[in-house]
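*Asks:*
Number of protein chains: 2
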Amino acid sequence: MVILPAARPKTARSERFQARRESIIDLAAELFARNGYASTGVADLGEYVGLERGPLYYYIGSKEQLLADIHDRVMTPLLRDSEAIYALSGSPLARLRLLSQSLLEQVIGRRDHVWVFLHEYRALTGSRRTRFRQERETFEGYIRALIAQAVKEGVLRSTDTELAVLSFLGMHNYTYQWTATKPGITPNRLSRYYCGVFFTGLAAAAIDLRAIEKEASRLRTQLSR
Amino acid sequence: MVILPAARPKTARSERFQARRESIIDLAAELFARNGYASTGVADLGEYVGLERGPLYYYIGSKEQLLADIHDRVMTPLLRDSEAIYALSGSPLARLRLLSQSLLEQVIGRRDHVWVFLHEYRALTGSRRTRFRQERETFEGYIRALIAQAVKEGVLRSTDTELAVLSFLGMHNYTYQWTATKPGITPNRLSRYYCGVFFTGLAAAAIDLRAIEKEASRLRTQLSR
Numbered sequence: 001m002v003i004l005p006a007a008r009p010k011t012a013r014s015e016r017f018q019a020r021r022e023s024i025i026d027l028a029a030e031l032f033a034r035n036g037y038a039s040t041g042v043a044d045l046g047e048y049v050g051l052e053r054g055p056l057y058y059y060i061g062s063k064e065q066l067l068a069d070i071h072d073r074v075m076t077p078l079l080r081d082s083e084a085i086y087a088l089s090g091s092p093l094a095r096l097r098l099l100s101q102s103l104l105e106q107v108i109g110r111r112d113h114v115w116v117f118l119h120e121y122r123a124l125t126g127s128r129r130t131r132f133r134q135e136r137e138t139f140e141g142y143i144r145a146l147i148a149q150a151v152k153e154g155v156l157r158s159t160d161t162e163l164a165v166l167s168f169l170g171m172h173n174y175t176y177q178w179t180a181t182k183p184g185i186t187p188n189r190l191s192r193y194y195c196g197v198f199f200t201g202l203a204a205a206a207i208d209l210r211a212i213e214k215e216a217s218r219l220r221t222q223l224s225r
Numbered sequence: 226m227v228i229l230p231a232a233r234p235k236t237a238r239s240e241r242f243q244a245r246r247e248s249i250i251d252l253a254a255e256l257f258a259r260n261g262y263a264s265t266g267v268a269d270l271g272e273y274v275g276l277e278r279g280p281l282y283y284y285i286g287s288k289e290q291l292l293a294d295i296h297d298r299v300m301t302p303l304l305r306d307s308e309a310i311y312a313l314s315g316s317p318l319a320r321l322r323l324l325s326q327s328l329l330e331q332v333i334g335r336r337d338h339v340w341v342f343l344h345e346y347r348a349l350t351g352s353r354r355t356r357f358r359q360e361r362e363t364f365e366g367y368i369r370a371l372i373a374q375a376v377k378e379g380v381l382r383s384t385d386t387e388l389a390v391l392s393f394l395g396m397h398n399y400t401y402q403w404t405a406t407k408p409g410i411t412p413n414r415l416s417r418y419y420c421g422v423f424f425t426g427l428a429a430a431a432i433d434l435r436a437i438e439k440e441a442s443r444l445r446t447q448l449s450r
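In the order they appear, the protein sequences are chains R and G.
Residues in the first sequence are numbered consecutively from 1, following the working numbering.
Residues in the second sequence are numbered consecutively from 226, following the working numbering.
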């Protein structure tokens, strides 16, 4: 019986490919954040990651694709998390609290990526630009829906929902500008602070922030299951 | 809310020079915001403003000086206003409300300048960088002092003042990212909204936002006198 060697699993190869690709994307985010997207050539990137032009293009496709990939490294986990959080059965404020933390995990954990895409998203064209806008809109939609639900339930004041969404996002997103100067700060602590200000600021009546923290902790365990 | 008249230029010639210089700075802000600071050469700028290299350098000094000037076009009126606001005899919250509006007037009215300096300030070197940091610190100092005073007076909750300052600034500054998409929004309305959320969010007890608006209006008339 001739035993055939096991077919090399496709996944192992593509897994390695994927891991290498992601590490290149992360190094590119570092380089673009430091020197600017326009000023950084593919040759600079090749030197930085230690690859010749040919192999580099094999991994990245194109410079614009790389910019889209930098965006995806933040947006893919953020959308995955926020979809799961939104789907939980829980109060809108506890879910907003989890969503806030998920956003801050990206803003703090991937601040080079966030720096690059907040500054350079206008360099995306065609379908990449469309997808970027749609994903951003999807994410903002979760926030808008949860705020609207909290207003409907009488927990938050009836307010200009659009300005509420923009205030919430602004407070969170701007964190990328200063997070490097406060290395000790955690997404959990910052989220608790921002949500404390925001929820109290828009509360219809006195609200119990500790109850929201408690429910958010309980919901979190449902996510990790 | 540019309240105080600018220092009178010494002569008619320097007035003309100054006006031309400012218009070049504003056009440069437009160009840098659109195409990036690093990718825009002095030659591109010359073409855009309609000046040969020699006369252009006569007005701008250098490209880095231009970046510092773009920053000054926002920071000079902002610091002048905020110093005057801070010096008023009024409650800390009413003064914060005026300061918030003054900041939003710059962020909304000079969004190209704000776009450029929030993205490119790291290109400033030496004394220009030092001055930029000092001015930023001076402005943040007014916010910090007013929040601290409100806490001391028992109007705002005792809180992490640094996070309070960062939340306040983040909500305001991030406005530059979306203000172009909401052309109808006024600094006054937006400031009222942000301060409403922020003050209520950090209030030690129920606060009367209408009383704060009233006092802010009264203080405003003292500024323009």
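We put the CB at the ideal spot given by N, CA and C, even for glycine.
(1) Which of the three DSSP states, helix, strand or coil, is assigned to residue 211 of chain R?
(2) Find out if the Cβ-Cβ distance for the pair residue 423 of chain G, residue 197 of chain R is shorter than 8 Å.
(3) Output, in chain order, the set of chain G residues within a Cβ distance shorter than 8 Å of residue 160 of chain R.
(4) Between residue 104 of chain R and residue 369 of chain G, what straight-line distance do the alpha-carbon atoms span, to the nearest angstrom?
(5) Could you list the residues in the segment 10–33 of chain R with a C-beta less than 7 Å from some C-beta on chain G, going in chain order?
(6) Which partner residues of residue 428 of chain G appear in the DSSP bridge assignment?
(7) Name, going along the chain, the residues of the segment 340–358 of chain G whose beta-carbon falls closer than 8 Å to a beta-carbon of chain R.
(8) Check the Cβ of residue 391 of chain G against every Cβ in chain R and list those closer than 7 Å, keeping chain order.
(9) Could you tell me whether the Cβ of residue 396 of chain G comes closer than 8 Å to any Cβ of chain R?
(10) Kindly indicate the opening and closing residues of the alpha helix (DSSP H) around residue 167 of chain R.
(11) Looking at the structure shown, is residue 340 of chain G part of a helix, part of a strand, or coil, going by DSSP?
(12) With 16 as the cutoff for other CB atoms within 10 Å, does residue 17 of chain R come out buried or exposed?
(13) Report the three-state DSSP secondary structure of residue 63 of chain R (helix, strand or coil).
(14) Just the Cα atoms here: how many angstroms apart are residue 245 of chain G and residue 357 of chain G?
(15) Between residue 291 of chain G and residue 82 of chain R, what straight-line distance do the alpha-carbon atoms span, to the nearest angstrom?
(16) Can we say the segment 318–333 of chain G touches the segment 394–405 of chain G, given the rule of at least three CB pairs closer than 8 Å?
(17) Is the distance from the Cβ of residue 438 of chain G to the Cβ of residue 417 of chain G below 8 Å?
(18) On a Cα-Cα basis, can you pick out the residue from G:254, G:447, G:441 that is closest to residue 317 of chain G?
(19) Inspect the beta-carbon positions of residue 298 of chain G and residue 311 of chain G and report whether they are closer than 8 Å.
(20) For the segment 407–415 of chain G against the segment 373–383 of chain G, do three or more pairs of beta-carbon atoms, one drawn from each stretch, fall closer than 8 Å, so that the two count as touching?
(21) Which chain R residues sit within Cβ distance under 8 Å of residue 423 of chain G?
(22) In chain G, what lies closer than 8 Å to residue 163 of chain R by C-beta?
*Replies:* In terms of the structure at hand:
(1) DSSP places residue 211 of chain R in helix when its eight states are reduced to three.
(2) Contact: yes.
(3) Proximity of chain G to residue 160 of chain R at the Cβ level (cut-off 8 Å) is accounted for by 418, in chain order.
(4) Rounded to the nearest angstrom, the two C-alpha atoms are 23 Å apart.
(5) Closer than 7 Å at the C-beta level to chain G, one finds no residue of the segment 10–33 of chain R.
(6) BP columns for residue 428 of chain G point to G:381.
(7) Within the segment 340–358 of chain G, the residues whose Cβ lies closer than 8 Å to some Cβ of chain R are 343, 344, listed in chain order.
(8) Taking a Cβ-Cβ threshold of 7 Å, the residues of chain R close to residue 391 of chain G are 178, in chain order.
(9) Answer yes: the Cβ-Cβ gap between residue 396 of chain G and chain R drops below 8 Å somewhere.
(10) 161–173 is the span of the alpha helix (DSSP H), which, as asked, contains residue 167 of chain R.
(11) Correct three-state label for residue 340 of chain G: helix.
(12) By the Cβ-count criterion, residue 17 of chain R is exposed, with fewer than 16 other Cβ atoms from all chains shown falling within 10 Å of its own Cβ.
(13) Looking at residue 63 of chain R - three-state DSSP - the assignment turns out to be helix.
(14) Going from the Cα of residue 245 of chain G to the Cα of residue 357 of chain G covers about 23 Å.
(15) About 42 Å.
(16) Contact holds: three or more Cβ-Cβ distances are below 8 Å.
(17) Result yes, Cβ atoms of residue 438 of chain G and residue 417 of chain G sit closer than 8 Å.
(18) Of G:254, G:447, G:441, the smallest CA-CA separation from residue 317 of chain G is found for G:441.
(19) Residue 311 of chain G sits away from residue 298 of chain G, with the two beta carbons spaced by 8 Å or more.
(20) By the Cβ test, the segment 407–415 of chain G is not in contact with the segment 373–383 of chain G, since fewer than three Cβ pairs between them sit closer than 8 Å.
(21) Within chain R, the residues near residue 423 of chain G are 197, 201.
(22) Residues of chain G passing the Cβ test: 415, 418.
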